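Presented below is the structure to which this report refers.
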Amino acid sequence: MEIEWKTNVDLSALHVAWCLTHWPGDCRKGSEELRSAARTLAESANRINALPDRFWDLLLTLSVDTPGNRELIERTLIRLVPPQARGETLHSELVSSLSTFKSFYHREFPDFVHNMRLRCEPLKQQWEAYGPGLLVLIGERTDRDAMAERAEVLFVEPCVGGLGFSHLTTNRCHIEAVLTNPDPKLTETLRLAWLLAQLEFERPIYSDLINAFRLRKIAGLAMIPPTLLAAEELGLCEYSPSSVQTAIELWRLAAPGEQPAVLREVLMTWWETVEGSQPEWRIALTGLDRMLE
Numbered sequence: 001m002e003i004e005w006k007t008n009v010d011l012s013a014l015h016v017a018w019c020l021t022h023w024p025g026d027c028r029k030g031s032e033e034l035r036s037a038a039r040t041l042a043e044s045a046n047r048i049n050a051l052p053d054r055f056w057d058l059l060l061t062l063s064v065d066t067p068g069n070r071e072l073i074e075r076t077l078i079r080l081v082p083p084q085a086r087g088e089t090l091h092s093e094l095v096s097s098l099s100t101f102k103s104f105y106h107r108e109f110p111d112f113v114h115n116m117r118l119r120c121e122p123l124k125q126q127w128e129a130y131g132p133g134l135l136v137l138i139g140e141r142t143d144r145d146a147m148a149e150r151a152e153v154l155f156v157e158p159c160v161g162g163l164g165f166s167h168l169t170t171n172r173c174h175i176e177a178v179l180t181n182p183d184p185k186l187t188e189t190l191r192l193a194w195l196l197a198q199l200e201f202e203r204p205i206y207s208d209l210i211n212a213f214r215l216r217k218i219a220g221l222a223m224i225p226p227t228l229l230a231a232e233e234l235g236l237c238e239y240s241p242s243s244v245q246t247a248i249e250l251w252r253l254a255a256p257g258e259q260p261a262v263l264r265e266v267l268m269t270w271w272e273t274v275e276g277s278q279p280e281w282r283i284a285l286t287g288l289d290r291m292l293e
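Residue 71 in the working numbering sits at position 71 of the sequence shown, and the numbers go up by one each step.
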């Protein structure tokens, strides 16, 4: 996989907003002003008659290629809300909330570009050592065609001590530029391999067979066993019930109210079946989707 390493301050700001609204107790940064602005943005977003996660998914994905706040909100709403239901009030409220949050973000993180230059090097070096091999082994255990030929990796401000997000529609992912591994047994190199291995899930051969609202969840869960097994083959970690549950927790795949241990059991049962029957990868994914219904 050919990788282009980048940073993007607008994406970083929205990543922090996403973290502050989803895991406020885990966020290690953010003044009360910034947290309040994030809550206001989330409250505005909750007024949209659509799944909240879809709003954040689009906002994070579109922010990289959309420079203005008004245009970003407009492009997001076009994909979420029918024309007759958009309304200028909601549009203006979201633009105002987003602009306020970004203003506070820039005030709190004025040295973003300089800090990213320093922070991104450790992970880039670790990736050069292990990343290509991990992806080859993941492809062998899933489907070589499921590995993207090229991708962008964008570094963002660390907010919860390690987190990433696959932008499935753009062959791009972003990851917090942490300087140390939050878990020495599941390094950030593994997290990055796991993120990159999901990027082709949007292709019709896979996505047409999966419930659209669960595609991101299925992509994340499905790539845990092959990622850990690839890492085990390289001597980086072991594949076990403990490591699978740790990955579910560390990579934040359990929804509120979901028990990681239950997801672990479903995932390991599914993977045991996959290894035993060796179905086409697209069929295997359909099976996991049904097990999670």
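In this text, a Cβ means the ideal position worked out from N, Cα and C, and glycines have one as well.
No experiment lies behind these values; they were computed from the predicted model shown.
Per-residue burial, residue i [other beta carbons within 10 Å of its own, 16 or more giving buried]
i, result
"residue 271", "buried"
"residue 46", "exposed"
"residue 35", "buried"
"residue 298", "With the chain represented from 1 up to 293, any question about residue 298 goes unanswered, as that position is not in the structure."
"residue 201", "buried"
"residue 30", "buried"
"residue 125", "exposed"
"residue 169", "exposed"
Opening and closing residue of the alpha helix (DSSP H) in which residue i lies
i, result
"residue 218", "215-222"
"residue 55", "52-63"
"residue 240", "Looking at the DSSP string, residue 240 is not in any alpha helix (DSSP H), and its letter there is neither H nor E."
"residue 287", "281-291"
"residue 204", "204-207"
"residue 255", "Here residue 255 belongs to no alpha helix (DSSP H), and DSSP marks it neither H nor E."
"residue 194", "188-196"
"residue 45", "32-45"
Boundaries (first-last residue) of the beta strand (DSSP E) holding residue i
i, result
"residue 7", "2-7"
"residue 175", "172-176"
"residue 166", "164-167"
Inter-residue CB distance, residue i and residue j (contact presumed, cutoff 8 Å)
i, j, result
"residue 227", "residue 197", "6 Å"
"residue 109", "residue 157", "6 Å"
"residue 190", "residue 231", "5 Å"
"residue 266", "residue 292", "7 Å"
"residue 155", "residue 119", "7 Å"
"residue 127", "residue 60", "That pair is no contact at about 22 Å."
"residue 281", "residue 148", "Their Cβ separation, rounded to whole angstroms, is 14 Å, which puts residue 281 and residue 148 out of contact at 8 Å."
"residue 66", "residue 79", "Between residue 79 and residue 66 the Cβ distance is about 12 Å, and since that is not below 8 Å, they are no contact."
"residue 163", "residue 28", "Not a contact, Cβ separation roughly 11 Å."
Residue from the options whose Cα sits closest to the Cα of residue i
i, options, result
"residue 92", "58, 101, 78, 44", "44"
"residue 10", "62, 22, 136", "62"
"residue 187", "143, 141, 247, 172", "247"
"residue 208", "107, 72, 289", "289"
"residue 286", "264, 233, 214, 58", "214"
"residue 70", "161, 88, 233", "88"
"residue 19", "97, 53, 144, 160", "160"
"residue 234", "42, 77, 205, 136", "136"
"residue 172", "42, 195, 81", "195"
"residue 16", "72, 79, 3, 105", "105"
"residue 184", "14, 27, 243, 225", "243"
"residue 81", "52, 64, 101, 236", "52"
Cβ-heavy atom distance, residue i to the ligand FMN, below 8 Å
i, result
"residue 204", "This structure lacks the ligand FMN; in fact it carries no ligand of any kind."
Unbroken stretches of the beta strand (DSSP E), 3 residues or longer, contained in the region 79-159:
150-156
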